[in-house]
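In the working numbering, the protein residues as written are 1 to 340. Think of the CB as a built atom: it goes at the ideal place given N, C-alpha and C, for glycine as much as any other residue. Worksheet for the structure shown next.
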């Protein structure tokens with residue numbers, strides 16, 4: 001009887017131990033279950049350009065305080081990054097040819113954070129471009145300066161160049177400079193003085209006297225000046241590709257400057273920058289003299305010999321004028337504002 005009672009007690013003890021063991025195991029199981037609860041999430045989205053077209057192979061980086069993950073987008077621009085620690089994160093997107101973009105978000109444990117469509121703009125690279133003006137533009141700027149040059153601020157001196165390596169003029173620019181010169185108000189006054197002197201000396205008597213005679217002398221003198229300018233500074237220089245301007249030397253000994261100035265009557269700078277015989281000036285003077293004969297009364301028209309003599313005198317006068325330019329006129333010539 002006693003033996004049976006002890007066996008019952010032993011059985012009860014074993015049952016209690018088993019129950020307690022089962023309770024501990026259940027507690028451990030519950031603790032284990034808590035520990036394996038998911039603490040990470042997933043971040044998904046689509047990368048596209050400004051038009052909404054998907055961007056493949058764009059690199060997406062998701063970073064948190066503890067770690068970062070990155071993955072490229074697929075052919076549809078989609079990405080999916082798993083094992084992102086729960087909590088706040090930062091997404092950085094980079095794609096070739098596009099400006100990068102950074103945004104932030106939060107993912108809950110075991111959840112999926114869908115960022116939707118993320119659009120990237122085309123990268124705008126700062127590019128430095130050096131713009132070099134054309135020869136024609138440089139010449140335009142230079143003659144714009146010359147058209148402001150006046151001796152004592154009054155008498156036009158447009159054909160003087162203070163730039164020794166000035167850009168060559170094209171035919172239009174040669175005509176433009178001549179037009180400015182011949183239509184300047186001072187030219188009209190100068191021609192009026194010439195016509196008055198001719199009438200006082202009774203030159204070209206076939207024009208007559210009085211206001212009518214003065215008007216005819218004025219018209220002939222003005223037309224002769226136009227013809228000379230057109231032939232020696234526009235037509236012939238365009239044909240022979242020579243520059244009609246006088247290039248100021250301004251340096252060296254007095255003798256070298258005198259020789260330089262005198263020689264400019266028989267030499268001219270070509271549009272190629274080289275000094276050449278003054279074909280345009282000499283032939284232009286001959287042509288202008290022949291044409292100008294028709295502006296005067298028949299009895300006063302000059303023959304070929306006189307035309308040649310006047311051409312020679314014109315070259316000599318031009319040489320003297322160049323010396324004056326070099327030592328006098330240039331010194332008192334106001335200059336236009338330099339162009340950029």
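Any idea what DSSP makes of residue i, helix, strand or coil?
| i | result |
| --- | --- |
| residue 321 | helix |
| residue 259 | helix |
| residue 269 | strand |
| residue 80 | strand |
| residue 300 | helix |
| residue 54 | strand |
| residue 281 | helix |
| residue 308 | helix |
| residue 39 | coil |
| residue 359 | Residue 359 lies beyond the residue range present for the chain, which begins at 1 and ends at 340; the question has no answer from this structure. |
| residue 246 | strand |
| residue 333 | strand |
| residue 161 | strand |
| residue 206 | helix |
| residue 289 | helix |
| residue 328 | helix |
| residue 97 | coil |
| residue 314 | helix |
At which residues does the alpha helix (DSSP H) containing residue i begin and terminate?
| i | result |
| --- | --- |
| residue 236 | 236–240 |
| residue 230 | 210–230 |
| residue 189 | 185–200 |
Could you give the residue range of the beta strand (DSSP E) that holds residue i?
| i | result |
| --- | --- |
| residue 71 | 68–72 |
| residue 94 | 87–94 |
| residue 63 | 59–63 |
Within 10 angstroms of the Cβ of residue i, are there 16 or more other Cβ atoms? Answer buried if so, exposed if not.
| i | result |
| --- | --- |
| residue 193 | exposed |
| residue 331 | exposed |
| residue 232 | buried |
| residue 244 | buried |
| residue 261 | buried |
| residue 132 | exposed |
| residue 197 | exposed |
| residue 96 | exposed |
Examine the ligand SAM and report whether any of its heavy atoms sits within less than 8 Å of the Cβ of residue i.
| i | result |
| --- | --- |
| residue 220 | The model on display carries no ligand, and the ligand SAM is accordingly not part of it. |
Open item on the list: Does the segment 79–98 come into contact with the segment 61–71, if we say contact requires no fewer than three beta-carbon pairs (one atom in each stretch) closer than 8 Å?
Closed with: yes
- [ ] Could I get the ranges of all uninterrupted beta strand (DSSP E) runs contained in the segment 99–156, with 3 residues as the minimum, in chain order?
- [x] 101–107, 112–120
TODO: Could you say if the segment 246–262 and the segment 304–316 meet the contact criterion of at least three C-beta pairs nearer than 8 Å?
DONE: no
Open item on the list: Is it the case that the segment 134–151 contacts the segment 218–237, given that we only count it when at least three CB pairs across the two stretches are under 8 Å?
Closed with: no
Task: the segment 278–295 in contact with the segment 222–240 per 3-pair CB rule at 8 Å - done: yes
Open item on the list: Tell me whether the segment 160–168 and the segment 191–206 touch, counting them as touching only if at least three CB pairs, one residue from each stretch, are closer than 8 Å.
Closed with: no
Task: At least three beta-carbon pairs within less than 8 Å, the segment 173–185 to the segment 195–206 - done: no
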